[in-house]
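Structure record follows, encoded as structure tokens.
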Amino acid sequence: MAKTFSLLRLLMISGLASVIASTALAQDDQTNTGETPLFRGEQLLMSGSYAAATEIFQMADGLDRNEGLVGASKAFAMMGNYQEAMSVVQNAIEANDYARFPLLSTQLAEIKRVVGESREALAILKSVVDGLEDAPVRTLVQYGSLLKFVGEKETASPILDQAVQRYNNGLVFSSEDVAMVALASWLMDNFHDANSLFSEATRANPNNLEAHVLWGDLFLEKYNMADAERSYQEALDINSRYVPALVGMTQITGDERALQRAMAINPNSTAAIQTYAQLLMVNEREDEAQEYFDKVLEINKESLKTLSLLASQAALEEKSENYASYLAQVEAFSPDNPIFLADIADYLGKNYLFVEAVEFARAALEADPQYWQGYTVLGSNLIRLGEEEEGKANLEIGFENDPFNVLTSNMLKVFDTLDTYVTLESEHFKVRMSEHDADILWPYLRPLLEEGWNEQTAKYNFEPEGPILIEVFENSEDFAVRSVGLPDIGPLVGICFGKVITLISPDTLSANWQEIVWHEFMHIITLQMTNNRMPRWLSEGISVWEEREGRPYWGRSQGLDLVRAAEQDKLLDIADLNSGFSGARSDADLGFAYFQSYLVVDYIAQEYGFEKLVEFIKQYALIKEDSARFQEVFELSLAQFDAGFDAWIERRVAEINVYVHTEDVPDEGAGHGHGVRENSSAILAELYNNASLKQHMQSRIEENPRDFQAYLQLGIVLFKEEDFLQAKQYLQQAYNLLPSYTGYPSPPLVLSQIYEKEGNREAQLEQLELLLQNLQHDYGSAIILAEAALENGDFERAEYYIDRAIQVDPYRSDVHQLKAGLADGIGDSALAVTEYEVLLKLEINDPVEAKTNLAEAYLKNGQALEAKQNVLSALETAPSYQRAQQILLQSIEGDAH
Amino acid sequence: MKTKFISFQLVCSCFLLFLAADIVAQDSKIIEANDFFLDSPDSTKYAVIMVGPTVGDESKSKFRQWAFSLHDILARDYGYSTETISLLFDRGESQGAGAERIDGACDLQGIQQQFASLKSVVKTGDQITVFLMGHGSGEEEEAKFNIVGPDITGIQFAEILDGFEQQDIVIVNTTSASFGFSASLSSEGRVVISSTRSATEKYDPIFSRYFIEALDNRNGDRDKNSRVSMLEAFNYAKSNVEEFYEEQGRLASEHAGLDDNGDALFSLNPTTAEVDGRLAEIAYIDTLIDSSAGLPTAAVRLKGRMQELERSVFILRGRKADFLEADYWQQMEVLLIDLARATGQFNEQVNEQATQ
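Chains as they are written, first to last, in my numbering: chain W, 1 to 897; chain E, 1001 to 1356.
Have a look at this one:
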């Protein structure tokens, strides 16, 4: 096929356009603007004045009559008036002689397809194609498209090919027809040609809205969001009321307003209604979603997307009768439709039912082995089950046949990264990570994983199926692609799929990586306990709750956020908790969704006991309504449970007993991998000078003596002014009001800095200890406390704070120097070996010293051979280094101690 | 000391044409280190620190701090004195803290005078280390070091250095876009360090900071002989520059290189096993101290034995690629054990003498 757009063709098209324009101007029937009705109607249609367009188009006469009627039909369709859209063309087709009126008939067939009358549409298009030697390109492509839709793929191919050949023979000129040839190429899986042709069509006529949107749809199908958005935006720049572009844009951005605008313009747009229903479904408003889906099916009983979504939900809920009913509806117009089956697979996969997803994806490929997207769906779900080899093989098939699919190529690229990784195993885990992480992180990750396994399996009396595969990615894009197929995953840093966990390497984080690992492993327990049917809010709530159970300083303390949410009535009902995640519009929203989910779990554990929590989890392994689960476990309706929770929150808020000013921003909860939170003092410093800030905060305190943030900010300003005496008073008051504050900087942090400046080391250390009781992400404070403990020979304390520092950043040599010193101090030669091994990997300035230290540690640990190897390596560089020489002699003399 | 000096500018115009051929021929240009940097205890080492002008208080303060730190470190840790260190700073200001260290302005006249003065005191086998800080610009023959007044080109500066045929020369050029200027100074028997690898690397490098840090307290001493060679200082600075950019999460805007075989091709990873690195390994910033005086005969003999063994280690290490790994380490182990024992015996001798 000719893939280049010749200059000749351009000239021909522009020439044709001139002829059309001059012909239009020569028409007798002109509007009051002097333009022909057809020309004016097209302008109105293009600009979104659909109602006016219907009237003007119908004024067209003579040679323009049929084109005018087609225009009027399109304008009616744009407003959702499909009956008028059909009748305006139907009435002009004399004696149903479709072949005599190909343009009118094709438009009629297209509307009939929109309203779910595919058989009738097929019959009309067949009449035109069979009745004419050279049916219009649009007719051929619409016919081929419909044949493929109803499962007659073999018949469709030669029809579509006719359109393509006509282009190759230089007989397709108009932008509109070139776009149709592009669509034909797309339907025949010639994606590269389709892309080139859409480009040609939009260059020939930049106002071809249909071409822009179809091109966007192609990009969207290939998960190329940036280009899809560009195409839709180009259409919207021309016509901001173009419903297909508004819907396309919503599918990318999730912009509900664009969708509502689309539904206002065309209340019968099945694409818009269906997309809105999908949004409702995502937010677990299934009943409302069902109403919209019903409306779609009323308009178009053959809406494949709606039927696949409904069937997916039925499959998810194991409602086999419902599923069979939806399947039968699809079979009635499109037997063995692979898209239907693969869409269900994709939906189930997105709902964590990977085993079932794989089954449906296999069925899709059985129905049509050339449905390349099916291989991507199958491959991605196999990977999430840990079946990497088979998953990769399927992705490769998908990629070979559809290299434009960004999802497929992204996922395959991650395998290239994984090929450079090492695989390490512990009793219950298989971990893939970079060599750097294997050297530095693994010594601390391994015991943590096994600790998590031992504690949680005993606590929940449940042993998950293993080994658990954990993949630790150094590159956040690799992590995102491995997790969701696309390189942007927002602020998430770890994801659990039931048997597989993906993580961002702590080397690229500034959060407590151990808490994150603990959190993700807890998902393994809850997901597997419920066959991956755990709702997100509960799974996250339990994982956050278990953080605090794991270490007392882990978990979330967001007292100010809670008070603020309670005051603003922003706490969600239990039934809506999932929407807190799916509908989060900011990192703060997302962080609070985690926090509220945790509060619900904490409420259950405190008020009903841990056993009830376990009982409640087990309920999710069963297919039933949420209300039934609450009734079964708590003997309460959802509303009653909500009421109890609300009362508990009220008590909790009363206990916190601080005042939250409306002007303050949420600044707690940072460091859990959900983005960087606001720094109140930094914001205020930009808004006020010191004098006015002090005055303002003092007036706030006078207004409300429990205004925590006012005390804190006043203390910070006074600290900056070096008025330490007053600063300490305000900061201490702030601390007394809310000891568990987790924002930055906190009262103990500023107080510790004051004491440091005053040379009061004891008080400084005391404040740092308080700080670390609530802040788990502070490396520097832990190091200071560890050093102080080592100075005092308090090894137990030193060990505690060294581990606190490693939890934040295991990649810095100073913490390992301290731990090696600790190991030497307590005579733990094995620990010393571990630490000096890590230090050698981290050392860049003095490898000779690092090797010598390691050799000495080996020697003390009775590993003379390893000692000799390392010290020889050191001496190779520094042959006259006497300390190393002595270790060498000791290592060969067996004088290990 | 033999004079094998081939001035770079003689081949400069042919350089581009023959670049490919030069690369192929690199193996044959490995310098035999015997003729240069003989490191005699009788030699004197000189340092010339040249700091060009800059715009902005921050940059000026940074260069000033680096230059003064380097001055102090050379004096404190390496035995340099006001007679052996020269500091040409900006306009040669005589006011402000530390101004007493400044010997003159960093302009063409100041540079010429300084090197003329140096020429009158140096003797054969002495070493001159030139540190350049500030800004550079241009490529090839247009490459310049920005000084007060008209800038100095690499070719002009090379002519000045040509007057020191009997001395060992080290150039540490830490300016931005330093590559072209540095390449002009390349010559057989010289160690030239450039903080950048091309004229496009025009942001202020941080290489200087880490190079000075390598010298400070002998941080860069990797082989534990209590001395810092140019190769050690280069590798220390290079590693830390890489670490700096990695920690910042930024693409590195500087890549330092070293040339010590006179081919004007700078190695980014010089080692003693590569074409560049062998001369830099024996080019020390300080003067060797003769510690044999007053030792008993047996100790002197042992010291000779130690030096012989150490030399054998270096030779074996240089031929590592010629051996199977197991054979290499077997031979290395024997040498290192002998050296360790000899050192132990030497120490016993010295201690015995001390207790008598």
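Note that CB positions come from ideal geometry on N, CA and C, so glycine has one too. Everything numeric in this text was worked out from a predicted model, so none of it was measured.
Worksheet item: Taking only beta-carbon atoms, is Ala896 (chain W) less than 8 Å away from chain E?
Response: Against the first sequence, residue 896 (chain W) aligns to sequence position 896. Unreliable placement is indicated for Ala896 (chain W), whose pLDDT of 40 sits below 50; no coordinate value is reported for it.
Worksheet item: Closest Cβ-Cβ distance between Asn1219 (chain E) and chain W: below 8 Å?
Response: What you label residue 1219 (chain E) is simply residue 219 of the second sequence in a count that begins at 1. At least one chain W Cβ lies under 8 Å of Asn1219 (chain E).
Discussion item. Please classify Arg651 (chain W) as buried or exposed, where buried requires at least 16 neighbouring CB atoms within 10 angstroms.
Written reply: Against the first sequence, residue 651 (chain W) aligns to sequence position 651. By the 10 Å Cβ count, Arg651 (chain W) comes out exposed.
Discussion item. Short of 7 Å Cβ to Cβ, which residues in the region 858 to 880 of chain W face chain E?
Written reply: So the list reads Leu872, Leu875, Glu876, Thr877, Ala878, Pro879, Ser880, given in the order they occur along the chain.
Worksheet item: What are the start and end residues of the alpha helix (DSSP H) that includes Ala1047 (chain E)?
Response: To locate residue 1047 (chain E), count along the second sequence from 1; it is residue 47. Careful: Ala1047 (chain E) lies outside any alpha helix (DSSP H), inside the beta strand (DSSP E) at 1045 to 1051.
Worksheet item: Are three or more beta carbon pairs between the region 848 to 863 of chain W and the region 1283 to 1303 of chain E nearer than 8 Å?
Response: Between the region 848 to 863 of chain W and the region 1283 to 1303 of chain E, the count of C-beta pairs closer than 8 Å stays below three; the two stretches do not touch.
Worksheet item: Which residues mark the beginning and the end of the beta strand (DSSP E) in which Val247 (chain W) is found?
Response: Counted from its first residue, the first sequence places residue 247 (chain W) at position 247. It is not in any beta strand (DSSP E) - Val247 (chain W) instead sits in the alpha helix (DSSP H) that spans 243 to 253.
Discussion item. Distance check for Glu84 (chain W) and Ala2 (chain W), CA to CA, integer angstroms please.
Written reply: Counting from 1 along the first sequence, the entry for residue 2 (chain W) is found at position 2. Counting from 1 along the first sequence, the entry for residue 84 (chain W) is found at position 84. In this prediction, Ala2 (chain W) scores a pLDDT of 36, lower than 50, which makes its location untrustworthy; the coordinate-derived value is nonetheless stated afterwards. Going by the C-alpha atoms only, they are around 40 Å apart.
Worksheet entry | Rounded C-alpha distance that separates Gly170 (chain W) from Ile93 (chain W) | By 1-based counting over the first sequence, the position of residue 170 (chain W) is 170. By 1-based counting over the first sequence, the position of residue 93 (chain W) is 93. About 30 Å.
Worksheet item: How many Å lie between Ala593 (chain W) and Leu577 (chain W) at the Cα?
Response: For the purposes of this step, residue 593 (chain W) is taken as residue 593 along the first sequence, with counting starting at 1. For the purposes of this step, residue 577 (chain W) is taken as residue 577 along the first sequence, with counting starting at 1. Going from the Cα of Ala593 (chain W) to the Cα of Leu577 (chain W) covers about 7 Å.
Worksheet item: Over what stretch of residues does the beta strand (DSSP E) that includes Gln776 (chain W) continue unbroken?
Response: On the first sequence, position 776 is the one that residue 776 (chain W) refers to. Taken as a continuous stretch (DSSP letters only), Gln776 (chain W) belongs to no beta strand (DSSP E), as it is neither H nor E.
Item to complete: Rank W:Arg446, W:Gln596, W:Leu441 by C-alpha distance to the C-alpha of Glu425 (chain W) and give the top, closest one.
Response: Numbered from 1 along the first sequence, position 425 holds the residue referred to as residue 425 (chain W). Answer by Cα proximity: W:Arg446.
Worksheet item: Roughly how many angstroms separate the alpha carbons of Gly555 (chain W) and Asp478 (chain W), rounded to a whole number?
Response: Translated into positions along the first sequence, residue 555 (chain W) becomes position 555. Translated into positions along the first sequence, residue 478 (chain W) becomes position 478. Within the model, the alpha-carbon separation for Gly555 (chain W) versus Asp478 (chain W) is close to 27 Å.
Worksheet entry | Delimiting residues of the beta strand (DSSP E) encompassing Ile495 (chain W) | Reading the first sequence from its first residue, position 495 is the one you call residue 495 (chain W). From DSSP, the beta strand (DSSP E) with Ile495 (chain W) extends over 494 to 496.
Worksheet item: Residues in the region 1222 to 1241 of chain E with C-beta within 8 Å of chain W's C-beta atoms, listed in sequence order?
Response: From the region 1222 to 1241 of chain E, only Arg1222, Asp1223, Lys1224, Asn1225, Tyr1236, Ser1239, Asn1240 have a Cβ closer than 8 Å to chain W.
Worksheet item: When you compare only the Cα positions, how much space is there between Asn1347 (chain E) and Ala1354 (chain E)?
Response: Locating residue 1347 (chain E) in the second sequence gives position 347, where the first residue counts as 1. Locating residue 1354 (chain E) in the second sequence gives position 354, where the first residue counts as 1. The alpha-carbon of Asn1347 (chain E) is positioned some 10 Å away from that of Ala1354 (chain E).
Worksheet item: Could you give the uninterrupted runs of the alpha helix (DSSP H) lying entirely in the region 665 to 715 of chain W, keeping only those of 4 residues or more?
Response: As far as the region 665 to 715 of chain W is concerned, its whole alpha helix (DSSP H) runs of at least 4 residues are 680 to 687, 690 to 703.
Worksheet item: According to DSSP, is Val1191 (chain E) helix, strand or coil?
Response: As a working note, residue 1191 (chain E) is residue 191 in the second sequence. Here Val1191 (chain E) sits in strand by DSSP.
Worksheet item: Does the region 1125 to 1139 of chain E come close enough to the region 1165 to 1182 of chain E to have 3 or more Cβ pairs within less than 8 Å?
Response: Contact between the region 1125 to 1139 of chain E and the region 1165 to 1182 of chain E is present, because at least three Cβ pairs lie under 8 Å.
Worksheet entry | Amino acids of chain W, ordered along the chain, whose beta-carbon sits closer than 9 Å to that of Glu1348 (chain E) | Here residue 1348 (chain E) corresponds to residue number 348 of the second sequence, with the count starting at 1. Neighbours of Glu1348 (chain E) on chain W: none; closest Cβ ~13 Å, over 9 Å.
Worksheet entry | Closest Cα partner of Ser482 (chain W) within the set W:Gly452, W:Glu388, W:Pro467 | Here residue 482 (chain W) corresponds to residue number 482 of the first sequence, with the count starting at 1. First, the residue type needs correcting, since residue 482 (chain W) is Arg and not Ser in the sequence shown. With distances taken between Cα atoms, Arg482 (chain W) lies closest to W:Glu388.
Worksheet entry | Straight-line gap, Glu1308 (chain E) to Leu1336 (chain E) (C-alpha atoms, nearest Å) | Here residue 1308 (chain E) refers to the residue found at position 308 when the second sequence is read from its first residue. Here residue 1336 (chain E) refers to the residue found at position 336 when the second sequence is read from its first residue. Each residue's Cα considered, the two are about 12 Å apart.
Worksheet item: Along chain E, in chain order, which residues have C-beta atoms closer than 9 Å to that of Pro847 (chain W)?
Response: By one-based count along the first sequence, residue 847 (chain W) stands at place 847. The answer, in chain order, is Arg1222.
Fill in: Reduced DSSP category for Met1133 (chain E) - H, G, I as helix; E, B as strand; rest coil
Translated into positions along the second sequence, residue 1133 (chain E) becomes position 133. Met1133 (chain E) falls in the strand class under three-state DSSP.
Discussion item. Under 8 Å, with one C-beta from each stretch per pair, do the region 747 to 760 of chain W and the region 724 to 731 of chain W reach the 3-pair mark?
Written reply: Flag = yes, the region 747 to 760 of chain W and the region 724 to 731 of chain W touch.
Practice prompt. Check the DSSP bridge columns for Gln1127 (chain E) and list the partner residues they point to.
Written response: On the second sequence, position 127 is the one that residue 1127 (chain E) refers to. E:Lys1045, E:Asp1168.
Discussion item. Assuming the contact rule is C-beta atoms closer than 8 Å, Val296 (chain W) and Asn266 (chain W) should be a hit. Round their C-beta distance to whole Å, please.
Written reply: The residue labelled residue 296 (chain W) in the question sits at position 296 within the first sequence. The residue labelled residue 266 (chain W) in the question sits at position 266 within the first sequence. Not really, about 13 Å apart at Cβ, beyond 8 Å.
Worksheet item: Going by other Cβ atoms of all chains shown within 10 Å of its Cβ, with 16 needed for buried, is Thr1196 (chain E) buried or exposed?
Response: The count along the second sequence starts at 1 and reaches residue 1196 (chain E) at position 196. Counting Cβ neighbours within 10 Å, Thr1196 (chain E) comes out buried, since at least 16 surround it.
Practice prompt. Give the range of the alpha helix (DSSP H) segment to which Thr275 (chain W) is assigned.
Written response: As a working mapping, residue 275 (chain W) is identified with position 275 in the first sequence. That run of the alpha helix (DSSP H) goes 270 to 282.
Discussion item. For a contact defined as C-beta to C-beta under 8 Å, what are the partners of Thr1343 (chain E) on chain W?
Written reply: Along the second sequence, one-based indexing puts residue 1343 (chain E) at 343. Within chain W, the C-beta atoms nearer than 8 Å to that of Thr1343 (chain E) come from Ser880, Gln882, Gln885, in chain order.
Worksheet entry | Cβ of Arg1209 (chain E) within 8 Å of any chain W Cβ | As a working note, residue 1209 (chain E) is residue 209 in the second sequence. By this cut-off, Arg1209 (chain E) is not an interface position.
Worksheet item: Who pairs with Tyr1284 (chain E) in a beta bridge, going by DSSP?
Response: If you number the second sequence from 1, residue 1284 (chain E) lands on position 284. DSSP links Tyr1284 (chain E) through a beta bridge to E:Ser1229.
Worksheet entry | Trp1329 (chain E): contacting residues in chain W (beta-carbon distance under 7 Å) | Position 329 of the second sequence, counting from 1, holds the residue named residue 1329 (chain E). Contact note: Trp1329 (chain E) reaches chain W through Leu872, using a C-beta cutoff of 7 Å and chain order.
Fill in: Partners in chain W for Arg1317 (chain E), counting only beta-carbon separations shorter than 9 Å
One-based indexing of the second sequence puts residue 1317 (chain E) at position 317. Residues of chain W whose Cβ lies closer than 9 Å to the Cβ of Arg1317 (chain E) are, in chain order, Glu876, Thr877, Pro879.
Discussion item. How far does the alpha helix (DSSP H) with Arg285 (chain W) in it extend, from its first residue to its last?
Written reply: By one-based count along the first sequence, residue 285 (chain W) stands at place 285. Neither: Arg285 (chain W) is in no alpha helix (DSSP H) and is coded neither H nor E.
Practice prompt. Compare the C-beta of Glu1308 (chain E) with all C-beta atoms of chain W and state if any pair is closer than 8 Å.
Written response: Residue mapping note: residue 1308 (chain E) aligns to position 308 of the second sequence, counting from 1. No - not a single Cβ of chain W is within 8 Å of the one on Glu1308 (chain E).
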